[in-house]
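In structure tokens form, the structure reads like this:
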């Protein structure tokens, strides 16, 4: 019996629902999800293993049309790389979005020899007539490509999308072990949980000014001991993160620990510290230190 395995790279605009869909496809919470744009900064691999198939989904950052920082340029480079190394490209469209022939990405998707599926997300927000209009617009621009409506949030149309992907995968042995779920380590997901809670708890510029680094991770039999450093750009941001008499950072720790314990299925002792590192988003040395280069 032949085996099919390949990389399905998920791309789209910020807040299109890429991470929600990626989690739904994999069946596990790997990518953090918030209503804020640019929540996803790195490509996150999620692996689906089925008889005869291994599908490696790659959740990518949202496309940034006008990068302001070197971090943004790096995030866009992740998308470019995803287009190059994909066996299947999964573009996530949203209601009201239209393909533009003058857009470089759309032109590239139209011309590529790589199989492309257009998934129109949030289809549950449209009535039948409007949904037909949305699908027709994408089908007209991408004749011969699969255009599929779904709701990642409500897990509607997700299994059908998986079935559309399978025939497009090349014949290839599995790239990962059959019980593998991702190629990333636990400390990465722990840092992302903290960043997710920062995105939820703080507002204005704070969520976009932080980077979280796990300084220490000790696994014990009955508890994991985690020491994390939250890097910010300015002293004023540090003060906001900490809050009056440490109330804000204490609440952050409580909320992050709850999710960690549920995800790790064990007790967690979490320590949070805040450090100022200037404009790290434009500093090549710091970006490399944080794993962005």
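Numbering (our numbering), first residue to last: 663 to 955. The C-beta atom is built at its ideal place from N, Cα and C for all residues, glycine as well. Everything numeric in this text was worked out from a predicted model, so none of it was measured.
**Request:** Go ahead and pull the three-state DSSP assignment for residue 809.
**Result:** strand
**Item:** For residue 711, the residue or residues it bridges with in DSSP
**Value:** 716
**Prompt:** Bridge partners of residue 666, per DSSP?
**Reply:** 715, 833
**Prompt:** CA-CA distance, residue 926 and residue 787?
**Reply:** 34 Å
**Prompt:** Among residues of its own chain, excluding the 5 on either side of residue 856, which ones have a beta-carbon nearer than 6 Å to its beta-carbon?
**Reply:** 874, 890, 918
**Request:** Excluding the 5 residues preceding and the 5 following residue 922 in the sequence, name in chain order all residues of the same chain whose CB lies nearer than 8 Å to its CB.
**Result:** 852, 855, 886, 888, 930, 932
**Message:** Using the Cβ count rule (16 or more neighbours within 10 Å means buried), how would you classify residue 897?
**Reply:** exposed
**Sub-8 Å separation of residue 815 and residue 690 beta-carbons** = no
**Asked** Where does the unbroken alpha helix (DSSP H) through residue 904 begin, and where does it stop?
**Response** 897-904
**Asked** Skipping 5 residues on each side, what residues in its chain have a beta carbon closer than 7 Å to that of residue 970?
**Response** Nothing in the structure corresponds to residue 970, since the chain is present only between 663 and 955.
**Asked** Contact check, residue 715 vs residue 666 under 8 Å by CB: the rounded distance?
**Response** 5 Å
**Message:** Does residue 815 come out as helix, strand or coil in the three-state DSSP assignment?
**Reply:** coil
**Request:** Starting from residue 877, trace the beta strand (DSSP E) both ways and give me its first and last residue.
**Result:** 873-881
**Prompt:** With respect to the alpha helix (DSSP H) encompassing residue 772, which residues constitute its N-terminal and C-terminal limits?
**Reply:** 766-773
**Asked** What residue range is occupied by the uninterrupted beta strand (DSSP E) comprising residue 937?
**Response** 929-938
**Request:** With DSSP as the reference, please indicate the residues paired to residue 752 in a beta bridge.
**Result:** 672, 779
**Item:** Contact between the region 825-844 and the region 859-877 (3+ Cβ pairs under 8 Å)
**Value:** no
**Cβ-based burial, residue 940 [other Cβ within 10 Å; buried from 16]** = exposed
**Message:** By alpha-carbon positions, which one of 895, 908, 878 ends up nearest to residue 867?
**Reply:** 895
**Request:** Could you say which of 729, 717, 909, 818 lies nearest to residue 934 if we only look at CA atoms?
**Result:** 909
**Message:** Is it buried or exposed, residue 884, if we count other Cβ atoms within 10 angstroms and call 16 or more buried?
**Reply:** exposed
**Message:** Taking 8 Å as the threshold (C-beta atoms), are residue 811 and residue 797 in contact?
**Reply:** yes
**Request:** Would you please state the rounded distance, in angstroms, between the beta carbons of residue 826 and residue 779? I believe it to be under 8 Å.
**Result:** 6 Å
**Message:** Per the DSSP calculation, residue 894 is bridged to which residue(s)?
**Reply:** 938
**Request:** Alpha carbon to alpha carbon, how far is residue 753 from residue 726? Give it in angstroms, no decimals.
**Result:** 15 Å
**Message:** Judging by CA-CA distance, which residue of 739, 834, 899, 942 is the nearest neighbour of residue 717?
**Reply:** 834
**Asked** Apart from the five residues on each side of it in sequence, which residues of its chain come closer than 7 Å, Cβ to Cβ, to residue 747?
**Response** 669
**Asked** For residue 856, does the three-state DSSP call read helix, strand or coil?
**Response** helix
**Request:** For residue 904, I'd like the list of residues in its chain whose CB is within less than 8 Å of its CB, leaving aside the five on either flank, ordered along the chain.
**Result:** 910, 911, 936
**Prompt:** What number of angstroms, rounded off, separates the C-alpha of residue 899 from the C-alpha of residue 836?
**Reply:** 46 Å
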